[in-house]
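J.: Shown below is the structure under consideration.
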Amino acid sequence: MLRLARLSISRPRGALAAWAIVAVLLALIGLGVSKSLSPSIVVVPGTESSRAQHLTDAQFGPTQLVPILLQGPTEQLDKQGPKLVAALVKRPRTRALSAWDAGAASQGLRPSPTAAMIVVSVDKPEKTVVNYDQPQIEAIVAHQISAPVRASITGQPSIDRALKDQTISTTRRSELIAVGILFVLLL
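Residue numbers for the sequence shown follow my numbering, so the first one is 2 and each next one is one higher.
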């Protein structure tokens, strides 16, 4: 270790160049990390939620729920909501239950005249929904819904995507700080 320190002191430019190469190599290795992050699992084994998830997967295969809450004036909800549902169900392997459907289940999706819920079901594994389907659903909602109606998209894929994005952002910021500190220390 002392030998390395003496070499660094006797040849500072070479040492700085070597550390710069190491930093670049580590940054290149880190570029592929975002693709290898997988969704988080928030179902606790042995709970009722776990049993329900297992039963759902066994009966219907992997399916992800994406709840969408629409809030706004009643007449605008009744105008924009059904159009959004029609656009969402055009997606492959996607179903929707909404406040505008017939039946008792849909009545519970309209808690007030100014709020309505759409529950979108995507029949794909969670990782696929997080990476591909969630951005598409968000784009459809953004295209179909306009003021004064507001849309709030939630569900496990939304949470996982937000966690993944925040983790990558925090990691990049931390790496930049660490590289800056490393260069100051080396100088």
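A virtual CB, placed ideally from N, CA and C, is assigned to each residue, including glycine. These figures come from a predicted structure and were not determined experimentally.
Buried or exposed: G82, going by 16 or more other Cβ atoms within 10 Å of its Cβ?
T.: Note on G82: 16 or more other CB atoms within 10 angstroms of its CB, so buried under the neighbour-count rule.
J.: Where do the N-terminal and C-terminal ends of the beta strand (DSSP E) with R151 fall, by residue?
T.: 151-154
J.: Leaving out five residues before and five after P126 in sequence, what residues of the same chain have Cβ atoms less than 7 Å from its Cβ?
T.: P63
J.: What does DSSP give as the partner residue(s) for R96 in the beta ladder?
T.: S122
J.: Rounded to the nearest angstrom, how far is the Cβ of V142 from that of L70, given a contact under 8 Å?
T.: Their Cβ separation, rounded to whole angstroms, is 11 Å, which puts V142 and L70 out of contact at 8 Å.
J.: Tell me, please, whether the stretch 127-147 touches the stretch 109-117 by the rule of three or more beta-carbon pairs shorter than 8 Å.
T.: Contact between the stretch 127-147 and the stretch 109-117 is absent: fewer than three C-beta pairs spanning the two stretches fall below 8 Å.
J.: My guess is that V130 and P158 are in contact by the Cβ rule of under 8 Å, so how many angstroms apart are they, rounded?
T.: 4 Å
J.: Looking at A6 and L183, is the spacing between their C-beta atoms short of 8 Å?
T.: no
J.: Closest by CA to H144, which one among A88, L78, S107?
T.: Between H144 and the set A88, L78, S107, the nearest pair of CA atoms involves A88.
J.: Going by C-alpha distance, which of A18, R111, L78, D134 is nearest R94?
T.: D134
J.: Let me know the secondary structure DSSP gives S113 once reduced to three states.
T.: strand
J.: Near I160, what residues of its chain come up, given a Cβ to Cβ distance below 6 Å and the 5 sequence neighbours on each side ignored?
T.: none
J.: By the DSSP assignment, the beta strand (DSSP E) with P68 in it spans what residues?
T.: Per DSSP, P68 belongs to the beta strand (DSSP E) from 65-72.
J.: Within its chain, find whatever has a CB closer than 6 Å to the CB of L187; leave out the 5 residues flanking it on each side and keep chain order.
T.: L17, W20
J.: So R4 is in the alpha helix (DSSP H); what residue range does that whole segment cover?
T.: 3-11
J.: Excluding the 5 residues flanking L29 on each side, which residues of the same chain have their C-beta closer than 7 Å to its C-beta?
T.: none
J.: Does D102 come out as helix, strand or coil in the three-state DSSP assignment?
T.: coil
J.: Where does S147 sit, in a helix, a strand or coil, going by DSSP?
T.: coil
J.: Out of curiosity, what's the CA-to-CA distance linking E76 and W101?
T.: 13 Å
J.: Helix, strand or coil for G47 per DSSP?
T.: In the structure shown, G47 sits in coil (DSSP, three-state: anything other than H, G, I, E or B).
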